[in-house]
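S.K.: In the numbering used here, the protein residues as written are 3 to 362. The C-beta atom is built at its ideal place from N, Cα and C for all residues, glycine as well. Before I ask anything, here is the structure I am working with.
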């Protein structure tokens, strides 16, 4: 009877190798290839690049968005979220290539290397750089969003307290506050049960009853549809990546879309031309006074005077003209097929990165 063969011993890492089946790679082994993981990293990187420049530029220039602002807003949110997930996922997936045959295996195996185990033989500096970049980017975005939300909430509470002291309730109009200010001012302050719509004496002087009704409906639409949360998310993205021009473009485009959505709600209450006249009167009054015609519904700080017309995010004057033109010149609604296609594309943008990460 022949003697039993002893298990092989790897000289470079002192890991016993009883046969071809091993749970962990050996440093003396030749580098392994992980086609599914590498493919997922490349596809995620390609998606991130497309969503970082070409897609937002084309969407910002599209004319159909004013005909379906709600659909366009969904697409903008999908682009922002899918772009961030794809970028972080691409870096993470590539960085985990040496550690396992999938993202899950690589993540689990990475722990033992973090506590001092020898790194796999095919580990490169770029893998560590990609992992570090994924972690830093994810933490930076989350912390920036958290800080933006906390800061905005503090500003809103402080502003609500000031409005409670410096304004008077409008008779027979619950939730409306009037401040003594010569400029035409109208804006909303989100605050749950304490939410308020603030008007100025200057606004009450230049608008008739129907026009005022349209402005109030516009501001209340911002509160009902939680537009301040959407604006804060894009504001956070812009502040987290100030060097990224697409973030500024997205914030500006989204600010106009929420204005159009609020206008659509006000159009159910008053005639289109009545609302257009109200917007024009307020803008003209501020143009003569050299002030800002558009308020901030997301977080109006006392240091920056909010004005009438809705939340801001970009150049306020650039939003007056498309709003008025849309009300004065009727536009056909977006074709149902096009609407369905855009919504399907939005859903695909959200699902594809997640599926790639799960399948890798």
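Go ahead and pull the three-state DSSP assignment for residue 147.
M.R.: By one-based count along the chain shown, residue 147 stands at place 145. In the displayed model, residue 147 falls within a helix according to three-state DSSP.
S.K.: How far does the alpha helix (DSSP H) with residue 62 in it reach, from first residue to last?
M.R.: What you label residue 62 is simply residue 60 of the chain shown in a count that begins at 1. Here the alpha helix (DSSP H) through residue 62 covers 56 to 63.
S.K.: In the region 58 to 128, which residue ranges form an unbroken alpha helix (DSSP H) of at least 4 residues, counting only runs that do not cross its ends?
M.R.: At a cut-off of 4 residues, the continuous stretches assigned as alpha helix (DSSP H) that sit fully inside the region 58 to 128 are 71 to 97 and 105 to 116.
S.K.: Would you report the Cα separation of residue 214 and residue 224, rounded to the nearest angstrom?
M.R.: Translated into positions along the chain shown, residue 214 becomes position 212. Translated into positions along the chain shown, residue 224 becomes position 222. Spanning the two alpha carbons is a distance of roughly 16 Å.
S.K.: Are the CB atoms of residue 209 and residue 275 within a distance shorter than 9 Å?
M.R.: Looking up residue 275 in the chain shown gives position 273. Looking up residue 209 in the chain shown gives position 207. Contact flag unset, no.
S.K.: Quick one: grab the DSSP three-state call for residue 336.
M.R.: Looking up residue 336 in the chain shown gives position 334. Reduced to three states, the DSSP call for residue 336 is coil.
S.K.: Say whether the region 119 to 139 touches the region 151 to 171, bearing in mind that this needs 3 or more beta-carbon pairs closer than 8 Å, one atom from each stretch.
M.R.: no
S.K.: Just the C-alpha distance for residue 360 and residue 98, rounded to the nearest angstrom, thanks.
M.R.: Here residue 360 corresponds to residue number 358 of the chain shown, with the count starting at 1. Here residue 98 corresponds to residue number 96 of the chain shown, with the count starting at 1. Answer to the nearest angstrom: the Cα atoms are 14 Å apart.
S.K.: Looking at residue 265 and residue 327, is the spacing between their C-beta atoms short of 9 Å?
M.R.: If you number the chain shown from 1, residue 327 lands on position 325. If you number the chain shown from 1, residue 265 lands on position 263. Cβ distance not < 9 Å, so residue 327 and residue 265 don't count as in contact.
S.K.: Report yes or no: do three or more beta-carbon pairs, one from the region 173 to 184 and one from the region 143 to 157, lie closer than 8 Å?
M.R.: no
S.K.: Taking only the alpha-carbon atoms, compute the straight-line gap between residue 335 and residue 259 and give it to the nearest angstrom.
M.R.: For this step, residue 335 is matched to residue 333 along the chain shown. For this step, residue 259 is matched to residue 257 along the chain shown. Each residue's alpha carbon lies about 15 Å from the other.
S.K.: By how many angstroms is the C-alpha of residue 239 removed from the C-alpha of residue 79?
M.R.: For the purposes of this step, residue 79 is taken as the residue at position 77 of the chain shown. For the purposes of this step, residue 239 is taken as the residue at position 237 of the chain shown. Those two C-alpha atoms are separated by around 11 Å.
S.K.: Using the Cα positions of residue 111 and residue 102, report the straight-line distance between them to the nearest angstrom.
M.R.: Position 109 of the chain shown, counting from 1, holds the residue named residue 111. Position 100 of the chain shown, counting from 1, holds the residue named residue 102. Between the C-alpha atoms of residue 111 and residue 102 there is a straight-line separation of about 7 Å.
S.K.: Look at residue 130 and residue 92 and say whether their C-beta atoms are less than 9 Å apart.
M.R.: Position 128 of the chain shown, counted from the first residue, corresponds to residue 130. Position 90 of the chain shown, counted from the first residue, corresponds to residue 92. Result no, Cβ atoms of residue 130 and residue 92 do not sit closer than 9 Å.
S.K.: For residue 263, is the classification buried or exposed, using 16 other Cβ atoms within 10 angstroms of its Cβ as the cut-off for buried?
M.R.: What you label residue 263 is simply residue 261 of the chain shown in a count that begins at 1. That one is buried.
S.K.: Could you work out which residue in 332, 350 and 261 is closest to residue 320 when comparing CA atoms only?
M.R.: In the chain shown, the residue the question calls residue 320 occupies position 318. Of the listed residues, the one whose Cα sits closest to residue 320 is 261.
S.K.: Skipping 5 residues on each side, what residues in its chain have a beta carbon closer than 7 Å to that of residue 40?
M.R.: In the chain shown, counting from the first residue as 1, residue 40 sits at position 38. These residues qualify, in order along the chain: 99.
S.K.: Would you give the residue range spanned by the alpha helix (DSSP H) that residue 251 belongs to?
M.R.: In the chain shown, the residue the question calls residue 251 occupies position 249. Where residue 251 is concerned, the enclosing alpha helix (DSSP H) stretches over 247 to 269.
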